[in-house]
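Colleague: One structure, as structure tokens, below. Some questions next.
2 protein chains.
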Amino acid sequence: MPSSIQLAASTEPDDLARPGIDDVVAAAARLQGVAHRTPVLTSRTADKKAGAQLFFKCENFQRGGAFKFRGAYNAIAALTDEQRRRGVVTYSSGNHAQAVAYAGKLLGTSTTIIMPKDAPALKIRATQEYGGQVQFYDRYTENREEIGRRLAQERGLTLIPPYDHPDVIAGQGTAMLELLDEAQHLDVLYVPLGGGGLLAGSAIAARAHLPNIRIIGVEPEAGNDGQQSLKAGKIIHIPAPKSIADGAVVTHVGHHNFPILQDLVDDIVTASDAELVATLRFFAERMKIVVEPTGCLGAAAAFASVNQHRGQQRVGIILSGGNVDLERYSKFLTESSHA
Amino acid sequence: MPSSIQLAASTEPDDLARPGIDDVVAAAARLQGVAHRTPVLTSRTADKKAGAQLFFKCENFQRGGAFKFRGAYNAIAALTDEQRRRGVVTYSSGNHAQAVAYAGKLLGTSTTIIMPKDAPALKIRATQEYGGQVQFYDRYTENREEIGRRLAQERGLTLIPPYDHPDVIAGQGTAMLELLDEAQHLDVLYVPLGGGGLLAGSAIAARAHLPNIRIIGVEPEAGNDGQQSLKAGKIIHIPAPKSIADGAVVTHVGHHNFPILQDLVDDIVTASDAELVATLRFFAERMKIVVEPTGCLGAAAAFASVNQHRGQQRVGIILSGGNVDLERYSKFLTESSHA
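Chains as they are written, first to last, in the numbering used here: chain A, 16 to 354; chain B, 16 to 354.
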């Protein structure tokens, strides 16, 4: 089965382009006045729960409801005029689909989004409303990456994959720059980990400013391929995992992302679905914010690590998004669970 | 039936003490570093819905989950040392109960909270956790204001009623000062109206800075006593109204509050329960924030007034709180409704 290894190899030189702090700073300049500068919330109740001082960077308040807008916009804005004129293509059934459509609309670039034909009607509609041309595929018989590559070649489109791309990584790192600007010093940082766009970007930004910060990626327990990969020293592929953290159920981290995680991330830990539900409820009940399960990964790990924190430690947590269907959200709020 | 008219008359001179902008500014100084300076959120989707530029002051992120902390803290902080040593008493089954208990704890003042014995266990527990001494009464056979007055006399306590008090009004006005500081100019302001503490305080602050701002109070449709009172030129009492906006189901506005509303408020409008539910969902789905039904009053009215706004108008909206039981909240998010 073709994977994004082959895809990346077909579009990049063998030594993968690696973004650095200058690229994150350049991305921040592109996003200035376009992306929301999202608020950083604090909560004494959360501090008690974690035994530390917590700073929550609220990317659930970002345009499109998730951090994904940053990377998508940065990647399209970094294209040549000619590339932007021709248009871009991506594949995603999640937040990246809407982010690319939205960013394309703002930048006057046509966007083709490859989505499974059984994707939720709501997500298809939202992507179309932002002006994305949705191209359906059958996820049981067809391969979305192949379709993406073919469309890119046939139509002269530029492929903007969801995480395995230097400009996407650099864009995702800009949330961390803002968090640092507000919190100033941080001792520890928790970031959700799926394909590694947000974690790699955040790690570049955090490490450049705070050489001694402890950077922790957080995966769903059922999909700990990143944890396995860091241990093995190479990218480990796993079968499609099952978790309510639907933004982080990837089969492997990205090839641009992995070397950055190897160099800059201190540890990768996991959170169970039950912990995510308990955290999602905490956010609704005590902090009055809607956070999707994937967005709860960092906080769930911070709450579980209470014994490792020392009271005065300053801990940054990135809440990656808030896009969750209200029916599903209501079930999480009320179903009996003993996390 | 004794009402707070008699209560007020027994504790205040005939010409009721009326707070002004200096009192709101003094309250802001007392609350500095104690109350959260809550964020002001914006949303392009909300702007489209209302046909104007909206600025949402998020008091759902206030300590204790509602603006009530401001007034309660200010009123207790304004007491003499001797009064604070003796303690305070209040009656409330809602956000004011927790706010007084919390403020008392921070200021080292013992607090007695008169609550109906059938109040939700969660609210009783929260009040007790903040250190409030809960005194139960039977709301079918006893009068809470009489009990409050009796306890105040017997034990030398100072009564801090939920809204009918100059220092409570001045404290509630501080949220508006912060909103003005951030939004600078506003053309219109929507504020929830129950007893009139938040509306009176906000109106004092807004009118002092923007003489031409249009100030609109918003009541639940089923409990439009304020609207009736403004029309009649005197305080109208109504039977206890039924609405999901449980923070605004009062039988009459306060006696300190009414003259301020008469002088400074331009109009009072209403929102139906169906409109409140639709607005509550909008906040969860598009803005990712939890707002209680009462807190939705201002936004519901702004969305319903789309034809009266002109696109460039700047509209301030105070979201008064986010305290809603998760079971109940889930029902609002999912029950079929055609607002």
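Yeah, the Cβ is synthetic: ideal placement off N, Cα and C, and Gly gets one too.
For A/Ala220, would you say it is in contact with chain B, using Cβ-to-Cβ distances shorter than 9 Å as the test?
Modeller: For A/Ala220, the answer is no, since every Cβ of chain B falls outside 9 Å of its Cβ.
Colleague: In chain B, which residues lie with their C-beta within 7 Å of the C-beta of A/Thr349?
Modeller: By Cβ distance, chain B contributes Leu341, Glu342 and Ser345.
Colleague: Report all residues from its chain with a CB closer than 6 Å to the CB of B/His267; omit the five preceding and five following residues, and keep chain order.
Modeller: So the qualifying residues of the chain are Asp240, Ile250 and His252.
Colleague: Can you give me the C-alpha to C-alpha distance between B/Ala50 and B/Asn75, rounded to a whole angstrom?
Modeller: Each residue's Cα considered, the two are about 12 Å apart.
Colleague: Looking only at its own chain, which residues have a Cβ that is under 6 Å from the Cβ of A/Val280, when we skip the five neighbours before and after it?
Modeller: Hits under 6 Å: Ala218, Ile230 and Gly232.
Colleague: To the nearest angstrom, how far is it from the Cα of A/Leu195 to the Cα of A/Val40?
Modeller: Whole-angstrom Cα-Cα distance: 13 Å.
Colleague: Run the CB neighbour count on A/Val321, radius 10 Å, all protein chains shown included, and call it buried at 16 or more, exposed below.
Modeller: Classification of A/Val321: exposed, given that the 10 Å Cβ count is below 16.
Colleague: Going by DSSP, name the residue or residues bridged to A/Tyr178.
Modeller: According to DSSP, A/Tyr178 bridges with nothing at all.
Colleague: Could you check the C-alpha separation between B/Gln168 and B/Gln113 for me, to the nearest Å?
Modeller: Looking at the two C-alpha atoms, the distance is approximately 23 Å.
Colleague: Is it right to say A/Pro308 is buried, meaning 16 or more other beta carbons lie within 10 angstroms of its own, or is it exposed?
Modeller: Looking at its Cβ environment, which holds 16 or more other Cβ atoms inside 10 Å, A/Pro308 is buried.
Colleague: Are the stretch 291-310 of chain B and the stretch 166-182 of chain B touching, with three or more C-beta to C-beta distances below 8 Å?
Modeller: Short answer: they don't touch.
Colleague: Quick check: is the beta carbon of B/Met302 nearer than 9 Å to any beta carbon in chain A?
Modeller: So yes, B/Met302 belongs to the interface.
Colleague: How is the alpha helix (DSSP H) around A/Met191 delimited, first residue to last?
Modeller: Start and end: Thr189 to Ala198.
Colleague: Which word fits B/Asp38, buried or exposed, when buried means at least 16 other C-beta atoms lie within 10 angstroms of its C-beta?
Modeller: Classification of B/Asp38: buried, given that the 10 Å Cβ count is 16 or more.
Colleague: Looking at C-alpha atoms only, which residue of B/Tyr155, B/Ile36 and B/Gly119 is the closest neighbour of B/Ala134?
Modeller: Selected option, being the one with the closest Cα: B/Tyr155.
Colleague: Classify B/Pro207 as buried or exposed, calling it buried when 16 or more other Cβ atoms lie within 10 Å of its own Cβ.
Modeller: B/Pro207 comes out buried.
Colleague: Whose C-beta lies closer than 6 Å to the C-beta of A/Arg99 among residues of the same chain, with five residues either side of it excluded?
Modeller: Taken in chain order, the residues that qualify are Thr124.
Colleague: Is the beta carbon of A/Ala317 sitting closer than 9 Å to the one on A/His324?
Modeller: Contact: yes.
Colleague: Report the residue from A/Ala93, A/Thr126, A/Ala42 and A/Ala319 whose alpha carbon sits nearest the alpha carbon of A/Glu144.
Modeller: Out of A/Ala93, A/Thr126, A/Ala42 and A/Ala319, A/Thr126 has the C-alpha closest to the C-alpha of A/Glu144.
Colleague: Check this for me: beta carbons of A/Phe70 and A/Thr57, under 9 Å apart or not?
Modeller: The answer is yes: Cβ separation under 9 Å.
Colleague: Cα separation between A/Arg101 and A/Pro254?
Modeller: Roughly 35 Å between the two C-alpha positions.
Colleague: So, helix, strand or coil for A/Glu234, using DSSP?
Modeller: Looking at A/Glu234 - three-state DSSP - the assignment turns out to be strand.
Colleague: Could you tell me the distance, in whole angstroms, from the CA atom of A/Ile259 to the CA atom of A/Leu245?
Modeller: One C-alpha to the other measures close to 23 Å.
Colleague: Provide the residue span of the beta strand (DSSP E) that contains A/Leu69, from first to last.
Modeller: It spans Gln68 to Cys73 - the beta strand (DSSP E) in which A/Leu69 sits, taken as one unbroken run.
Colleague: Measuring straight from C-alpha to C-alpha, what distance separates B/His111 and A/Gly147?
Modeller: Rounded to the nearest angstrom, the two C-alpha atoms are 48 Å apart.
Colleague: Compare the C-beta of A/Ala32 with all C-beta atoms of chain B and state if any pair is closer than 9 Å.
Modeller: It does not: the Cβ of A/Ala32 has no partner Cβ on chain B nearer than 9 Å.
Colleague: Show which residues of chain B have a CB atom less than 7 Å away from the CB atom of A/Ala136.
Modeller: Per Cβ cutoff of 7 Å: no residues; A/Ala136 is ~15 Å from chain B at best.
Colleague: Assuming A/Ala220 contacts A/Gly188 (C-beta within less than 8 Å), just tell me the rounded distance between them.
Modeller: Yes, A/Ala220 and A/Gly188 are in contact; Cβ-Cβ is about 4 Å, under 8 Å.
Colleague: Ends of the beta strand (DSSP E) at B/Phe355?
Modeller: Because chain B in this structure spans residues 16 to 354, residue 355 of chain B falls outside the shown range and cannot be described.
Colleague: If distances are taken between C-alpha atoms only, which option among B/Arg301, B/Gly216, B/Leu121 and B/Gly119 comes closest to B/His271?
Modeller: If we check each option's Cα against that of B/His271, B/Gly216 comes out closest.
Colleague: Quick check on A/Phe76 - is its C-beta less than 9 Å from some C-beta in chain B?
Modeller: Taking Cβ atoms only, chain B reaches closer than 9 Å to A/Phe76, which makes this a yes.
Colleague: Between the stretch 44-58 of chain B and chain A, which residues of the former have CB atoms less than 8 Å from a CB of the latter, in chain order?
Modeller: The stretch 44-58 of chain B vs chain A, Cβ under 8 Å: Pro54 and Leu56.
Colleague: Taking 9 Å as the threshold (C-beta atoms), are B/Ala81 and B/Leu122 in contact?
Modeller: In this structure, B/Ala81 does not lie closer than 9 Å to B/Leu122 by Cβ.
Colleague: Which residue from B/Glu300, B/Arg45, B/Gln277 and B/His200 puts its Cα closest to that of B/Asp182?
Modeller: If we check each option's Cα against that of B/Asp182, B/Arg45 comes out closest.
Colleague: Starting from the beta carbon of B/Val206, find every residue of chain A whose beta carbon is closer than 9 Å, and list them in chain order.
Modeller: The premise fails here: B/Val206 is roughly 19 Å from chain A at the closest Cβ pair, so nothing lies under 9 Å.
Colleague: Which residues in chain A have a C-beta closer than 8 Å to the C-beta of B/Ala299? List them in chain order.
Modeller: The contacting residues are Val305, Leu341 and Tyr344.
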